[in-house]
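K.L.:
Take the first sequence: its position 157, counted from the start at 1, is 420 in our numbering, and no numbers get skipped.
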Amino acid sequence: MYLLPQRKKNYSKWYNELVAKADLAEISGVRGCMIVKSFGFSIWEKMQEVLDKMFKDTGHKNVYFPLFIPKSYLSKEISYADGFAKECAVVTHYRLKTSTRGNIIVDPLAKLEEELIIRPTSEPIVWESFRRWIQSYRDLPILLNQWANVVRWEMRTRLFLRTSEFLWQEGHTAHDSRNEAITETEKMLEVYTEFSEKLLAIPVIQGFKSSMERFSGAKQTYCIEAMMQDGKSLQVGTSHFLGQKFSKAFDVKFTDKFGEQNYVWATSWGCSTRLMGAMIMAHSDDHGLILPPKIAPIQLVIIPIFVNQIQLDAIEKVVLPIKRSLEKQGISVIYDNRERYSWGCKLNEYEVKGIPLRIIVGQKEIENREVEIFRRDTMVKNMLPQKGLVNSISELLEEIQKNMFQKALVRRNYLTTEIDSYEDFKEILDAKGGFLSAFWDGSIETEEKIKKETTASIRCIPFNRKQEKGLCIFSGRPSFQRVFFAKSY
RNA sequence: CGGGGUGUAGCGUAGUUUGGUAAACGCGCCUGGUUUGGGGCCAGGAAAUCGUAGGUUCAAAUCCUGCCACCCCGACCA
264 MYLLPQRKKN YSKWYNELVA KADLAEISGV RGCMIVKSFG FSIWEKMQEV LDKMFKDTGH
324 KNVYFPLFIP KSYLSKEISY ADGFAKECAV VTHYRLKTST RGNIIVDPLA KLEEELIIRP
384 TSEPIVWESF RRWIQSYRDL PILLNQWANV VRWEMRTRLF LRTSEFLWQE GHTAHDSRNE
444 AITETEKMLE VYTEFSEKLL AIPVIQGFKS SMERFSGAKQ TYCIEAMMQD GKSLQVGTSH
504 FLGQKFSKAF DVKFTDKFGE QNYVWATSWG CSTRLMGAMI MAHSDDHGLI LPPKIAPIQL
564 VIIPIFVNQI QLDAIEKVVL PIKRSLEKQG ISVIYDNRER YSWGCKLNEY EVKGIPLRII
624 VGQKEIENRE VEIFRRDTMV KNMLPQKGLV NSISELLEEI QKNMFQKALV RRNYLTTEID
684 SYEDFKEILD AKGGFLSAFW DGSIETEEKI KKETTASIRC IPFNRKQEKG LCIFSGRPSF
744 QRVFFAKSY
């Protein structure tokens, strides 16, 4: 069995090697940018497929806006521009030429009159368009989504978790009332929550961001936070109530039923290839990736064990009908009869890639009319009768999906601690990590100081928490609610 | 941007202290044989102007200088 570096000993080494060995992605020659390999991309495509359907089912339509944003658009919404100013890639020229020494150089004569910013998000160009598209309440709501790449010039990058260029989806909506926009913000947070918990099998905490962590340009940022195995928190998705900030900045008004001019209400929401990182870090073990069945591009692999063509033929007679009936049930199966790889090699390959189920069929199984089945999540092998196999496998996939969520939930709960003093806070953060649920006085100063001293930040001000009175662990001032602190990615 | 480190075959490294046959090892790759219930074994083979530019020297992967790239730790962030 293949073994990666141990998670407990060196978490980031484990993560990097897993990404490489599972053939998900690699560091490219381009600073801070990754190459997503075909297996990794097939997982992302599966995520896209499910999310895309969820967006469409909630009334959204896909569009595509340009990669470049004229610099002047950016300066219209100041808090937004400030938020991203330090990490924008800028296009200044439009032509290259061959120098006298034979090198390719930027043609100094081809300087752009107005620089183009490579989008860190698309709000500016979306709202520039909305101004032209929206005149009347009849034009609203506008419910759009786009699948795109964005660029943020990051100082330090990690595959999937933080790269300078990443893939994501960004929803942009415009509404005629504050309430409708808030409802939309909440609805999309629900979509992300369902996706995370039901598909990725990752339990999440729903809540608001503190003003410090809020998306620059948003009135209120809603988020879902997930706990990774090393006790660090990862934001899985965000949904922003933008209020009228962008409509005012871009002068987007509509005439309502009573003939009054009003500014439009807005939301935006997104999730990215970071979900890949979440999935890896929430579930995988020292043998490699573990894919939740509902997101696995391949749910089951069949491996034959044979020494000659006669045996292989006999195996195929049994295996191919099984494969067909599984596919009929919507289960994605591959039958790996490659002769140039030893079967032992194949076992390791699918194990490290996290394929949920594996079947082995050899002479023994054919004689006994059974198959050997292996569950990746528990690493347990069993024999199953060939009769009724399709049902057993469907049930197993369900069970794996549930088990993975349950396991992650138990871990998350273990890694959530109620804290009532700053001493405990520092001690637990150091010893165990995870979410620290603690009273906070609501001030930015306190949040900043705690972050500076401990590196833990407020990940989330959770919804649905009982209102309790307490004292801020840092300042001792009165507080009405516990918030979740954690170190984060 | 500050501190530290590393560049030698596709990947991972040894060799650098003390200059001396233009280079070793593991994985991977190719060929042939053999084997087959958890990454098989044997034999043979291909593949590196030692990051780059210059300098010192009879002689440089090794010493000196500049440059470039990447990694780690901070500051910044989804």
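Positions of the beta carbon are idealized from the N, C-alpha and C atoms, including for glycine.
If the criterion is Cβ atoms closer than 8 Å, does the pair Glu-755 and Ser-479 meet it?
P.N.:
A question about residue 755 goes unanswered here, because the residues of the chain that appear run from 264 up to 752.
K.L.:
For Val-582 versus Tyr-598, is the C-beta distance shorter than 8 Å?
P.N.:
Yes, the Cβ-Cβ distance between Val-582 and Tyr-598 is below 8 Å.
K.L.:
Sort out for me which residues DSSP pairs Tyr-274 with in a bridge.
P.N.:
Paired residue(s): none; Tyr-274 is not in a bridge.
K.L.:
First and last residue of the alpha helix (DSSP H) that includes Asn-571?
P.N.:
Taken as a continuous stretch (DSSP letters only), Asn-571 belongs to no alpha helix (DSSP H), as it is neither H nor E.
K.L.:
Here's the rule I'm using: 16 or more other beta-carbon atoms within 10 Å means buried, otherwise exposed. How should Asn-571 be labelled?
P.N.:
That one is exposed.
K.L.:
How is the alpha helix (DSSP H) around Trp-703 delimited, first residue to last?
P.N.:
That residue, Trp-703, is in no alpha helix (DSSP H); it is neither H nor E in DSSP.
K.L.:
So the candidates are Asn-408, Gln-524, Gly-551; which of them puts its Cα closest to the Cα of Leu-314?
P.N.:
That would be Asn-408, whose Cα lies nearest to the Cα of Leu-314.
K.L.:
Nearest by alpha-carbon distance to Ser-531: which of Ile-405, Ala-283, Val-353 is it?
P.N.:
When each option's Cα is compared against that of Ser-531, the closest is Ile-405.
K.L.:
Find out if the Cβ-Cβ distance for the pair Phe-753, Ala-481 is shorter than 8 Å.
P.N.:
Absent from the structure is residue 753, since the part of the chain shown begins at 264 and ends at 752.
K.L.:
With DSSP run on the structure shown, which of helix, strand or coil describes Glu-433?
P.N.:
The answer is strand: DSSP assigns Glu-433 an E or B state.
K.L.:
Here's a check: name, in chain order, each residue in its chain whose Cβ is nearer than 8 Å to the Cβ of Asp-439, leaving out the five neighbours to either side.
P.N.:
Correct list, in chain order: Tyr-400, Leu-403, Pro-404, Phe-517, Asp-519, Asn-525, Val-527, Trp-528.
K.L.:
Determine the closest residue to Val-354 out of Thr-709, Asp-345, Lys-319, Val-414, with distance taken between C-alpha atoms.
P.N.:
Of Thr-709, Asp-345, Lys-319, Val-414, the residue nearest in Cα terms is Val-414.
K.L.:
Do you know how far the Cα of Pro-648 is from the Cα of Thr-717?
P.N.:
Approximately 56 Å, taken between the alpha carbons.
K.L.:
Which whole runs of the alpha helix (DSSP H) in the stretch 704-735 are 4 residues long or more, in chain order?
P.N.:
DSSP runs (the alpha helix (DSSP H)) wholly in the stretch 704-735: 707-717.
K.L.:
Where DSSP assigns a beta bridge to Asn-248, which residues make up the other side?
P.N.:
Past the boundaries of the shown model lies residue 248; the chain is included only from 264 to 752, so the question cannot be answered.
K.L.:
Three-state secondary structure (DSSP) at Val-581?
P.N.:
Val-581: helix per DSSP, three-state reduction.
K.L.:
By DSSP, does Asn-279 sit in helix, in strand, or in coil?
P.N.:
The answer is helix: DSSP assigns Asn-279 an H, G or I state.
K.L.:
Check whether the Cβ atoms of Glu-312 and Ser-385 sit closer than 8 Å, and answer yes or no.
P.N.:
No, the pair does not count as a contact, with Cβ atoms beyond the cut-off.
K.L.:
Tell whether a beta-carbon distance below 8 Å holds between Ile-656 and Ala-577.
P.N.:
Result no, Cβ atoms of Ile-656 and Ala-577 do not sit closer than 8 Å.
K.L.:
Does Lys-450 come out as helix, strand or coil in the three-state DSSP assignment?
P.N.:
Helix.
K.L.:
Sorted by chain position, which residues of the same chain lie with C-beta nearer than 7 Å to Ile-298's C-beta, five sequence neighbours on each side aside?
P.N.:
So the qualifying residues of the chain are Ala-288, Glu-289, Ser-291.
K.L.:
Please report the straight-line C-alpha distance between Gly-733 and Cys-723, rounded to a whole angstrom.
P.N.:
About 18 Å.
K.L.:
My output table needs one value for Ala-444: the three-state DSSP class, helix, strand or coil.
P.N.:
Reduced to three states, the DSSP call for Ala-444 is helix.
K.L.:
Could you round the C-beta distance between Glu-340 and Lys-586 to whole angstroms and report it? I think they count as a contact, below 8 Å.
P.N.:
Not a contact, Cβ separation roughly 54 Å.
K.L.:
If you follow the beta strand (DSSP E) that Leu-505 is part of, which residue opens it and which one closes it?
P.N.:
496-506 is the span of the beta strand (DSSP E), which, as asked, contains Leu-505.
K.L.:
Sorted by chain position, which residues of the same chain lie with C-beta nearer than 7 Å to Pro-556's C-beta, five sequence neighbours on each side aside?
P.N.:
Hits under 7 Å: Gln-562, Pro-619, Leu-660, Ile-663, Gln-664.
K.L.:
Around the Cβ of Arg-740, are there at least 16 other Cβ atoms within 10 angstroms (buried) or fewer (exposed)?
P.N.:
Classification for Arg-740: exposed.
K.L.:
Buried or exposed for Gly-506, going by 16 or more other Cβ atoms inside 10 Å?
P.N.:
Answer is buried; the Cβ neighbour count reaches 16.
K.L.:
In the structure shown, what three-state DSSP assignment does Phe-302 receive?
P.N.:
Here Phe-302 sits in helix by DSSP.
K.L.:
Ignoring anything shorter than 4 residues, give me the alpha helix (DSSP H) runs that lie fully in the stretch 307-343, in order along the chain.
P.N.:
Entirely contained in the stretch 307-343, the alpha helix (DSSP H) runs reaching 4 residues are, in chain order, 334-337.
K.L.:
Identify whether Pro-648 lies in helix, strand or coil by the three-state DSSP scheme.
P.N.:
In this structure, Pro-648 counts as strand in the three-state DSSP scheme.
K.L.:
Looking at the strands, I want to know which residues DSSP matches up with Phe-239.
P.N.:
The displayed coordinates of the chain run from 264 to 752. Any statement about residue 239 would go beyond what the structure contains.
K.L.:
Just to check my reading of the structure: Val-467 and Thr-456 have Cβ atoms closer than 8 Å, yes? What is that Cβ distance to the nearest angstrom?
P.N.:
Their Cβ separation, rounded to whole angstroms, is 6 Å, which keeps Val-467 and Thr-456 in contact under 8 Å.
K.L.:
Touching or not, the stretch 696-713 and the stretch 664-673, by the rule of three or more beta carbon pairs under 8 Å?
P.N.:
As far as the Cβ criterion goes, the stretch 696-713 does not touch the stretch 664-673, which means the pair count is below three.
K.L.:
Using DSSP with H/G/I as helix, E/B as strand and the rest coil, what is Ser-751?
P.N.:
In this structure, Ser-751 counts as strand in the three-state DSSP scheme.
K.L.:
In terms of alpha-carbon separation, which member of Ile-543, Asn-645, Arg-425, Gly-607 lies closest to Gly-617?
P.N.:
Considering only alpha carbons, the answer is Ile-543.
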